[in-house]
Amino acid sequence: MPEFKEYKTFIGGEWVAAQSGETFESEDPYTGEPWALIPRCGADDVDRAVRAAYDAWDAGPWADMTATARGRLLRKLGDLIAENAEHLAEIEVRDNGKLISEMLAQCKYLPEWYYFYGGLADKIEGSVIASDKPDTFNYTLREPVGVCAMITPWNSPLLLVGWKLAPALAAGCTCVLKPSEFTSASLLEFMKLVEEAGFPPGVVNVVTGTGREAGEPLVTHPGVAKVAFTGGGSTGRQVYEQAAQGLKKVSLELGGKSPNIVFDDCVLEDAVNGAISGIFAATGQTCIAGSRLLVQETIHDEFMERLVEVASTARMGDPKRAETQVGPVTTPPQYEKVLEYIDIAKNEGATCVLGGGPAGADEGGGKYFVKPTIFDNVKNDMRIAQEEVFGPVLSVITFKDEEDAIRIGNDVVYGLAAGVWTQSLNRATVMAKRLRAGTVWVNTYRAVSVTAPFGGYKQSGIGRENGQEAIEQYLQTKSVMINTGAGAGNPFVMKVAGSS
Ligand code: NAP
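Numbering of the sequence shown is given in this note's numbering, commencing with residue 20 and proceeding in unit increments.
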């Protein structure tokens, strides 16, 4: 029987309970049993965390630390994550039910964020401006925006924290993190490593709890300068509106309904594998899921036969076992939502060619399992083609030619990612240019890199994470002008270009 854990949260460099003393249980999605107790933070805990972060940002030792020293701390944290990757992966699996194979790979890759941004910390440079004013020395400083609120979902808890935390710390910001109420444990384990790395108190703080009780007061707190949010579109909209009241900087990583487009000149086996990994990996619970599979009509029958054949071999089971290929849906409400969308698709007239309901124990399933499901004959205006399901449900739509694929591919409010399967270089570059998505993959799918900017077009988000571009989200530019001439000049006349 695995140990039942009781966690405290981490605020101002101390392990603390919620001030109310309240807690909530975290459930193992595979067994359906509670396995951990998490502090239920509220507005008073948020206030304490933001004040701690503000003080750390405003005064030493964090504010006085050189960028090189900040970078060194980030790299040390990267080393500690690498040493503890297996432990972190096990906690992730217990808390969110994703496969151990997936979470192990994710946790082993996670240090790269802390190495990459640790290396970037002392390469953030201002510039000397070629001023158009005589006797003026003008230069710019690139300064941290201040306290950053970071709100993350349940599907890849530590990875999505890293996308925000590493660039923010490199920029010199301080942070208050709010994980999903369904998956707080891995972040609390991770905070032990933040403490061990030696970050000064208050630089990184965590408030665990619900979106309403901990998330909202965090977004609206006057001490917060910037909100970095990953989650669903309707929550993202609320967060954007609330942050606007305080004119805060905001970045949003939201949902998707990404087209995965298969042309008749593709390598068929590769495209089949790409279609399957695009939707059934992580039980479809990824923002970049290739949930709309666009198949050229000339290869539809051959492609579908092979797709169903391969997809039907997917092994469901205990996510802690290395051989499992499809695990449970992470949360009870998400499980209900996925089943509801399967009903919607059936009622809309889509043809269910695989799965189409819950998976029982005899199939390797359990409490929150949904069979890998494929709907054929989907029309792009159906709800199943337009709305994010966030589960193992694939919609197949046929198209005639390139123009048709581009039209259907772009005909959705989202623009997070797209996949293209073709052997034609010309076609690949045309599609990459014309698809309105933040990431386009050609002959691959779900490749995400610390070095590659990631984010959404249209309603899939605002701003970019990853790559050098991400650090811009956490910086602001100050222009400094020094008069090197004699006297301050006429007080009633503004200095303009060319005047002395
Ligand atoms: P969600 O319901 O929008 O929740 C995201 C986070 O926001 C959670 O921590 C949640 O807290 C919190 N929250 C809820 N209401 C809030 C409020 N009023 N103010 C502040 N915070 C609030 O999303 P989810 O169901 O956890 O995650 C699935 C969604 O995330 C999908 O739509 C997926 O596409 C998206 N996603 C996007 C990306 C990307 O990079 N674009 C990556 C992964 C996931 P509680 O959970 O505690 O209520």
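For each residue, glycine too, the CB sits at the ideal point set by N, CA and C. The structure presented is a predicted model; accordingly, all values stated were derived computationally and were not measured.
Of the listed residues the options, nearest to residue i (C-alpha basis)
i           : options            : result
residue 59  : 129, 143, 234      : 234
residue 406 : 198, 106, 273      : 273
residue 374 : 388, 184, 367      : 388
residue 313 : 290, 334, 335      : 290
residue 144 : 158, 153, 154      : 158
residue 83  : 250, 218, 209, 256 : 218
residue 263 : 245, 484, 251, 513 : 245
residue 487 : 142, 89, 34        : 142
residue 428 : 385, 513, 309      : 309
residue 96  : 193, 137, 497      : 137
residue 504 : 154, 276, 40, 342  : 154
residue 440 : 288, 156, 206      : 288
residue 367 : 414, 92, 131       : 414
residue 377 : 358, 248, 369      : 358
residue 72  : 140, 160, 168      : 168
residue 371 : 346, 105, 327      : 327
residue 230 : 179, 208, 242, 253 : 253
residue 401 : 380, 431, 421      : 431
residue 205 : 54, 107, 475, 360  : 107
residue 361 : 111, 397, 271, 493 : 397
residue 94  : 70, 140, 78, 81    : 140
residue 284 : 269, 317, 299      : 317
heavy atom of the ligand NAP below 7 Å from residue i C-beta
i           : result
residue 174 : yes
residue 409 : yes
residue 179 : yes
residue 170 : yes
residue 398 : no
residue 463 : no
residue 43  : no
residue 235 : yes
residue 231 : yes
residue 306 : yes
residue 221 : no
residue 186 : no
residue 10  : There is no way to answer for residue 10, as the model of the chain reaches only from 20 to 519.
residue 459 : no
residue 348 : no
residue 251 : yes
residue 272 : yes
residue 498 : no
residue 254 : yes
residue 257 : yes
residue 480 : yes
Identity of the residues DSSP links to residue i by a beta bridge
i           : result
residue 500 : 157
residue 195 : 168, 224
residue 246 : 168, 269
residue 492 : None; residue 492 has no bridge partner.
residue 279 : 312, 438
residue 148 : 157
residue 58  : 42
residue 24  : 55
residue 371 : 394
residue 480 : 272
residue 458 : 436
residue 30  : 33
residue 109 : DSSP, once it has assigned bridges, lists no residue as partnering residue 109.
residue 377 : 389
residue 162 : 495
Local Cβ density within 10 Å of residue i, reported as buried at 16 or more and exposed below that
i           : result
residue 468 : exposed
residue 501 : exposed
residue 23  : exposed
residue 350 : buried
residue 115 : buried
residue 151 : exposed
residue 146 : exposed
residue 266 : exposed
residue 171 : buried
residue 412 : buried
residue 102 : exposed
residue 183 : buried
residue 223 : buried
residue 445 : exposed
residue 515 : exposed
residue 130 : buried
residue 47  : buried
residue 286 : exposed
residue 156 : exposed
residue 395 : buried
At 4 residues or longer, what runs of the alpha helix (DSSP H) sit wholly inside the stretch 379-439?
Positions of the alpha helix (DSSP H) runs, each at least 4 residues long and wholly inside the stretch 379-439, are given as 402-405, 421-429 in order along the chain.
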